[in-house]
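Line by line, the protein sequences are chains G and R. Residue numbers for the first sequence follow the numbering used here, so the first one is 1 and each next one is one higher. Residue numbers for the second sequence follow the numbering used here, so the first one is 1 and each next one is one higher. Before any comments, here is the structure.
Number of protein chains: 2
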Amino acid sequence: MARRIPRGQDTRERILESALRLFASRGYAAVSVEEIAAAAGVTKGAFYHWFADKDDLGRDLQHTLYERLTVASRQAFRTGSDTVENMLRAFDAYLGLLDDLGEARFFLRDAWVIPELDEAGRRDHEDAVASMRDVVAEAVANGEIVALDPEALARVLMGVFAEATLHVLRTGRRDGAERVVHHLIGSLRARVPDGAREPGRAATTRKRGTAP
Amino acid sequence: MARRIPRGQDTRERILESALRLFASRGYAAVSVEEIAAAAGVTKGAFYHWFADKDDLGRDLQHTLYERLTVASRQAFRTGSDTVENMLRAFDAYLGLLDDLGEARFFLRDAWVIPELDEAGRRDHEDAVASMRDVVAEAVANGEIVALDPEALARVLMGVFAEATLHVLRTGRRDGAERVVHHLIGSLRARVPDGAREPGRAATTRKRGTAP
């Protein structure tokens, strides 16, 4: 892993920013350590003080991006809101952050298909699946969403989010993918009339036009 | 690409079968050309007559599996059935074929994360997305499914299928993932009462318990 020593953080940050800019514009594979060091205005020695190699730096960037996306999604959860609303809000926050990432989002798109980064990315992915499974399991137990296997649903929803995100990154447009996600997540809502819970059957309504 | 000459097909098939068995039991990366040749009872020269290298053989196996899955899914489509029913049938056929593949399905699970096979796999994936998009676009135009962007929906549905398939391969159980897929695909059905089509609004009903 990259060293995380406070001293020299400016240099480290400058290397990361330069690398991200180069990766975003030319693709991860095409960029060398020499070019990153030159763009950051540091020596190769300074680069290797902070990172073992390019993949070490790449994993660092990728993990930081995942963390920002996870934090943005978690912050969107509101106590007192129902789970479906929270999931929709989390997804919107996630897509919103992609916009804020600027060029960095092109690295994120690449990261999913860079073999050298794939293993670390899969660990982050499994963490995200586990969080999602807990949210889903609680909502199923509460009767908020339809009774489906939490682990299977969490994995499938992660697939939904990932493909929708890639579609947004590829096309540069949010609306189509966002409506698809809102529709599918909305379909999970198990709503029963107040005071009229009917065992074994859940009427499902879908909010239309909730996408911004 | 692997040579596809009729002469000596038996040898070629024997090599492919031996390789698949070895990949399935020990993982793609751990198996050498020497071992494949030995298991097939052929010389290394015979192996290289048919395949440029291990990855060439791996791509061949992967593409053949994808084709079988695609054919199984397509054959499940029935003229006269509605699109949602056809999609559910296609997905069930796909999962059913996974059972029939026996050990080969472990290679399929690996193939998604083998960098050397990833590029060829992505081409197959894009072909599958294009087919799905055409089906979705027609069903949206017909008013059979809710009005969503066909390209975005096709990509997201492929993500749903891929994650559901991986979940089945990981856990060895079909039912949880199958119910999730049936629920989500079922939610796409735009059903309007016969003779009472109301423009701009589509009531959605969901068949419950259609999973076998």
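Every residue gets a Cβ at the ideal spot worked out from N, C-alpha and C, and that includes glycine. Everything numeric in this text was worked out from a predicted model, so none of it was measured.
Integer Cβ distance of residue i from residue j, believed to fall under 8 Å
i, j, result
"G/Leu153", "G/Val181", "That belief does not hold up - the Cβ atoms of G/Leu153 and G/Val181 are roughly 14 Å apart, past 8 Å."
"G/Leu97", "G/Leu57", "21 Å between Cβ atoms; not a contact."
"R/Glu163", "G/Val156", "5 Å"
"G/Arg179", "R/Asp124", "Not confirmed; about 27 Å, so no contact."
"G/Ala24", "G/Phe106", "4 Å"
"G/Leu101", "G/Leu95", "That belief does not hold up - the Cβ atoms of G/Leu101 and G/Leu95 are roughly 11 Å apart, past 8 Å."
Residue burial classification, residue i (beta-carbon count within 10 angstroms, cutoff 16)
i, result
"R/Lys44", "exposed"
"G/Ser73", "buried"
"R/Ala120", "buried"
"R/Ala104", "buried"
"R/Tyr48", "exposed"
"G/Ala30", "exposed"
"G/Gln62", "buried"
"R/Val71", "exposed"
"R/Glu126", "exposed"
"G/Ser18", "buried"
"R/Lys207", "For R/Lys207, the predicted model reports a pLDDT of 41, less than 50, meaning its position is unreliable and no value from the coordinates is stated."
"R/Ala203", "Note on R/Ala203: pLDDT 41, under 50, position unreliable in the model; the coordinate value appears next. Exposed, by the Cβ-count rule."
"R/Ala37", "buried"
"R/Ala40", "buried"
"R/Gln9", "exposed"
Start-to-end residues for the alpha helix (DSSP H) that takes in residue i
i, result
"G/Ser73", "54-76"
"G/Glu178", "175-186"
"R/Ala19", "9-26"
"R/Gly80", "That residue, R/Gly80, is in no alpha helix (DSSP H); it is neither H nor E in DSSP."
"G/Val33", "33-40"
"G/Phe47", "44-50"
Beta-carbon proximity of residue i to residue j, cut-off 8 Å
i, j, result
"R/Leu117", "R/Arg59", "yes"
"G/Leu22", "G/Glu35", "yes"
"G/Ile145", "G/Thr79", "no"
"R/Thr64", "R/Val42", "no"
"R/Ala130", "R/Val140", "no"
"G/Glu151", "G/Arg174", "no"
"G/Ile15", "G/Leu88", "no"
"R/Ala93", "R/Asn86", "no"
"R/Gly232", "G/Gly159", "As displayed, chain R neither begins before 1 nor continues past 212, which places residue 232 of chain R out of reach and without an answer."
"G/Ser81", "R/Ser187", "no"
"R/Ala190", "R/Gly143", "yes"
Heavy atom of the ligand HEM within 7 Å of residue i beta-carbon
i, result
"G/Phe107", "In the structure on display, the ligand HEM does not appear, and there are no ligands present to speak of."
(request) Output the residue ranges of the alpha helix (DSSP H) runs that lie fully inside the segment 129-157 of chain R and measure 4 residues or longer, sorted by chain position. (result) none
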